[in-house]
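Step one of this worksheet: look at the structure below.
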Amino acid sequence: DTYFVFKEKELKNIFKINGDMLLKPIKSVYKSNIKKNLNKILYLDQKLLLSEYFNMVVDKTTMANSMEGRVPYIDKFVADFSFNLNQKLKANNDKEKIILKNLGKNLLPLNIIKRKKQGYGVPYYNWINLELGDIIISTMEKPEICKNGIIPNRLIEKTIPKIRESQTHAMRGWMLYVVEEWYKKFII
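Numbering (our numbering), first residue to last: 155 to 342.
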């Protein structure tokens, strides 16, 4: 599953939770007919990604550079309006943001209107290969989160040696490291 950093069977072992319970509602929306359920998918993205991830990234990035970020599409009126738009104005086959592109076509250069979507990813791989890899590896040699069975030791053993191999492995290692540091700071 490309939507999750950890595989379903790994999630079942992490924190001793039932991975099916967490994943079932999310999977059902993503696997559903996009034409029929576009608003459900947009709503799910809004609830899971926008508030907990994208807003935090924008906030931290702008603050770190002494800037004030403005996010106009978060306005409640704009969000409510967009949910009530005809789906054909939002996405149609391989085209996305149709109404927004139509509004901007007389104001922006064509190359911007036709430009492919770009991600705003966190550079875990760069962090780990340039600065944090050795810190993460040494911290995770004897992790506290494994001593109490919070995270299975085999997940650490499988993940940490590979953190320098790819963005996915780096992200998995980073997440385990953050849980370890949080656990040491707030639990023990």
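Every residue gets a Cβ at the ideal spot worked out from N, C-alpha and C, and that includes glycine.
None of the values given here were measured: they were computed from a predicted structure.
- Secondary-structure assignment with DSSP links N246 through a beta bridge to K249.
- Residue burial is scored here from C-beta neighbours: P315 has fewer than 16 other C-beta atoms within 10 angstroms and is therefore classed as exposed.
- Residue state for M221 is assigned as coil, using DSSP reduced to three classes.
- Going by DSSP, G327 is part of the alpha helix (DSSP H) stretching over Q321 to F340.
- By the criterion of at least three beta-carbon pairs nearer than 8 Å, the stretch 272–283 is in contact with the stretch 312–326.
- Between the alpha carbons of L196 and A245 lies a gap of roughly 11 Å.
- In the displayed model, V211 falls within a helix according to three-state DSSP.
- By the 16-neighbour rule on beta-carbons within 10 angstroms, G327 is buried.
- Pairing A218 with L204, the inter-Cα distance amounts to about 20 Å.
- M325 sits close to Y278, with the two beta carbons spaced by under 9 Å.
- Per DSSP, I228 lies in no alpha helix (DSSP H) segment and is marked neither H nor E.
- Pairing I291 with P297 gives a Cβ-Cβ distance that is not under 9 Å.
- Burial state of L330 is buried, judged by a 10 Å Cβ sphere holding 16 or more other Cβ atoms.
- Straight-line measurement puts the Cα of F208 at about 22 Å from the Cα of I253.
- The criterion of a C-beta distance shorter than 9 Å is not satisfied by G287 and Q321.
- Sixteen is the threshold: since fewer than 16 other Cβ atoms of the shown chains lie within 10 Å of the Cβ of E250, the residue is exposed.
- For I314, the three-state secondary structure derived from DSSP is helix.
- Between F237 and N193, the gap from beta carbon to beta carbon is short of 9 Å.
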